[in-house]
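Asker:
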Amino acid sequence: MSWSIVFFAIMMLLLLRILRLRIRANSSRSESFKRLPPKDQLAVLKECLLNNPSEANLRNLADFAEKNSLNIDVESYRPFLKSQLEIFGRKDAIAEDNELYIAETAWIDKITPLEFKEAEAFKQENEKTKYIERSLEGIARLYSDEAILEELAILVPEYPHASKLAESYKQLMQTRDESGADDKSLEALRKQKETWEEDLLNVKLVDSRK
Numbered sequence: 143m144s145w146s147i148v149f150f151a152i153m154m155l156l157l158l159r160i161l162r163l164r165i166r167a168n169s170s171r172s173e174s175f176k177r178l179p180p181k182d183q184l185a186v187l188k189e190c191l192l193n194n195p196s197e198a199n200l201r202n203l204a205d206f207a208e209k210n211s212l213n214i215d216v217e218s219y220r221p222f223l224k225s226q227l228e229i230f231g232r233k234d235a236i237a238e239d240n241e242l243y244i245a246e247t248a249w250i251d252k253i254t255p256l257e258f259k260e261a262e263a264f265k266q267e268n269e270k271t272k273y274i275e276r277s278l279e280g281i282a283r284l285y286s287d288e289a290i291l292e293e294l295a296i297l298v299p300e301y302p303h304a305s306k307l308a309e310s311y312k313q314l315m316q317t318r319d320e321s322g323a324d325d326k327s328l329e330a331l332r333k334q335k336e337t338w339e340e341d342l343l344n345v346k347l348v349d350s351r352k
């Protein structure tokens with residue numbers, strides 16, 4: 143089963159959370175959104191665009207990029223908006239939507255989470271623990287399989303537990319691909335994904351010093 147189907151089902155279970163994120167992102171005058179650190183603002187905007195591709199959400203991301211001097215090729219995302227409209231209602235819409243979702247996550251992940259910039263600064267200052275923590279937080283804000291596995295591989299020399307995280311993520315990918323679309327299967331998959339994310343963010347400092 144594809145991530146797009148799983149993602150949609152899980153997002154339905156988390157509807158209230160997503161709605162809160164959308165409200166924050168879609169209102170440039172929202173005080174709660176403005177109070178968020180830039181790294182969190184960017185994460186919210188990216189999630190909103192992925193969950194709900196629209197001109198409004200794309201414009202919010204473009205405004206953020208301009209304000210924070212980020213180089214984001216917003217125009218290259220517009221074909222995805224067009225494709226969403228074109229496949230709507232087609233007989234093979236699910237298959238096409240999966241391909242589109244994979245392409246969209248790849249585009250989203252080209253916008254590097256700001257946590258990685260913080261991680262690099264800590265690395266330069268020889269703050270190993272903080273470097274690892276920020277890197278893992280950045281990985282938690284990636285969407286595509288390729289980007290997640292690539293960043294975990296980069297982290298292995300400083301944090302050997304990243305190799306175990308990569309293996310458990312591959313198991314998660316296999317479970318996802320073989321999972322049914324019934325409620326019980328989706329709930330089991332959601333719990334497995336949450337367990338992986340908890341392991342990701344629970345820094346194993348003993349492992350990192352081996």
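Just so you know, we're using the numbering used here here: the sequence shown kicks off at 143 and counts up by one.
We put the CB at the ideal spot given by N, CA and C, even for glycine.
Predicted model only: the values in this text are computed from it and were never measured.
(1) Taking the CB atoms as reference points, tell me whether residue 286 and residue 254 lie closer together than 9 Å.
(2) For residue 271 versus residue 347, is the C-beta distance shorter than 9 Å?
(3) Can the beta-carbon of residue 294 be found closer than 9 Å to that of residue 274?
(4) Could you tell me which of 338, 304, 325 and 301 sits nearest to residue 315, measuring between CA atoms?
(5) Enumerate in chain order the residues of its own chain whose CB-to-CB distance from residue 340 is below 8 Å, with the five nearest sequence positions on each side excluded.
(6) Taking only three categories from DSSP, how would you classify residue 194?
(7) According to DSSP, is residue 299 helix, strand or coil?
(8) At which residues does the alpha helix (DSSP H) containing residue 327 begin and terminate?
(9) Whole angstroms is fine: what's the gap from residue 193's alpha carbon to residue 243's?
(10) Quick check on DSSP: helix, strand or coil for residue 212?
(11) Quick check on DSSP: helix, strand or coil for residue 247?
(12) Would residue 241 be called buried (16 or more neighbouring beta carbons within 10 Å of its own) or exposed?
(13) Could you give the DSSP three-state label for residue 177: helix, strand or coil?
(14) Taking buried to mean at least 16 other C-beta atoms within 10 Å of its own C-beta, is residue 177 buried or exposed?
(15) Given a cut-off of 9 Å on the beta-carbon distance, is the pair residue 257 and residue 292 in contact?
(16) Under a three-way DSSP split, which group does residue 282 fall into?
(17) So, is residue 211 buried or exposed, given that buried needs 16 or more other C-beta atoms within 10 angstroms?
Answerer: Result, derived from the coordinates:
(1) Using a Cβ distance threshold of 9 Å, residue 286 and residue 254 do not count as a contacting pair.
(2) Yes.
(3) Cβ distance not < 9 Å, so residue 294 and residue 274 don't count as in contact.
(4) Closest option to residue 315, Cα to Cα, is 338.
(5) Taken in chain order, the list of residues that qualify is empty.
(6) Coil.
(7) Coil, per DSSP.
(8) For residue 327, the enclosing alpha helix (DSSP H) covers residues 325-343.
(9) Within the model, the alpha-carbon separation for residue 193 versus residue 243 is close to 10 Å.
(10) Residue 212: coil per DSSP, three-state reduction.
(11) DSSP places residue 247 in helix when its eight states are reduced to three.
(12) Residue 241 should be labelled exposed.
(13) In the structure shown, the three-state DSSP call for residue 177 is coil.
(14) Looking at its Cβ environment, which holds fewer than 16 other Cβ atoms inside 10 Å, residue 177 is exposed.
(15) Against a cut-off of 9 Å, the Cβ pair of residue 292 and residue 257 comes out as no contact.
(16) Coil, per DSSP.
(17) Taking all protein chains shown into account, residue 211 has fewer than 16 neighbouring C-beta atoms within 10 Å of its C-beta and is therefore exposed.
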